Every structure is written in C-alpha cells, then in structure tokens.
Amino acid sequence: MTRGLNNRTALVIGAARGIGAGIVERFIEEGAHVVIADTEAAIGQATAKRLGARFIETNIALKADAERAVAETVDHFGGLDILVQNAGIYPWTLIENIEPEEWDSVMAVNLRGTYLAARAA
Numbered sequence: 016m017t018r019g020l021n022n023r024t025a026l027v028i029g030a031a032r033g034i035g036a037g038i039v040e041r042f043i044e045e046g047a048h049v050v051i052a053d054t055e056a057a058i059g060q061a062t063a064k065r066l067g068a069r070f071i072e073t074n075i076a077l078k079a080d081a082e083r084a085v086a087e088t089v090d091h092f093g094g095l096d097i098l099v100q101n102a103g104i105y106p107w108t109l110i111e112n113i114e115p116e117e118w119d120s121v122m123a124v125n126l127r128g129t130y131l132a133a134r135a136a
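At position 104 of the sequence shown the residue is numbered 119 (our numbering), and the sequence of numbers has no breaks.
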C-alpha cells in the first residue's frame, strides 16, 4: 500500500518529545524517512530509536548546527522534502519578570532558529 509520504525525507527540529515526537510518529506511519534534531540528546536518541528515526543533536539557534542538521539529513537520505521547525522555548513567568538575556535566548531559538533552518534547507 502506498502511503502519503512514502520515501519522502523529513527533518523535524524540536522533536525529542511532545508535539514534535508526535509529528515524527505520524510522518513515519505515512512512510517518511525522518531525522529528529534536538538539544536533548538522551531523550532525542531514545525517541528516535523507539520510532525508527535518526537523531542529530542540534541547537537550532546556531548557524553551524542548522547547516549541519540539514547537510547530514541530505547526505544520509539523498535529499530533504519536509522541514518542520518545532523547537521553541519560553520561560514560565510573566514577561515583566523575564531578563533581557532570557528574552535573547527565546528569540534565538524561536525566531532566529526558524530563519536558520529555512535558510539551510
């Protein structure tokens, strides 16, 4: 039976757990080859093993990591068809309690990371 994503390659960033892991699971069910990119190495490796994906430890806020995640995905599978930038952070506090350095980290992952991932792909 042909599945919707049969032989497509997906890179899902921020997929060690939660919504990202759910995306990976569904993509694999649909026949895709999937790479999980995440900062949480132990959890990401366990998720990849459980679901049948590959794992690359990646800090998407870093240009070199974004480029490496895309390059390793392309090198291993021969291409990249789907990019999901699911990584995101936010301190669990009111905005008036967030220090500028924390805000910079939020913007680095949530905004810059999205830009870097799309640019690298």
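Each residue gets a CB set at the ideal place from its N, CA and C atoms; glycine is no exception.
Here the structure is a predicted model, which means the values were calculated and not measured.
{"Check": "Neighbour-count burial assignment, Asn101, 16 or more Cβ in a 10 Å radius", "Outcome": "buried"}
{"Check": "6 Å CB neighbourhood of Arg70 in its chain, flanking five on each side removed", "Outcome": "One point to set straight first is that residue 70 is Phe, not Arg, in the sequence displayed. Excluding positions up to five away in sequence, the list reads Ile51, Gly59, Gln60, Ala63."}
{"Check": "Exposure of Thr24, with buried meaning 16 or more beta-carbon neighbours within 10 Å", "Outcome": "buried"}
{"Check": "Given Leu26 as reference, the closest of Arg65, Ile113, Thr73 once Cα atoms are compared", "Outcome": "Thr73"}
{"Check": "Cβ-Cβ separation, Gly67 to Ile43 (assumed contact under 8 Å), whole Å", "Outcome": "6 Å"}
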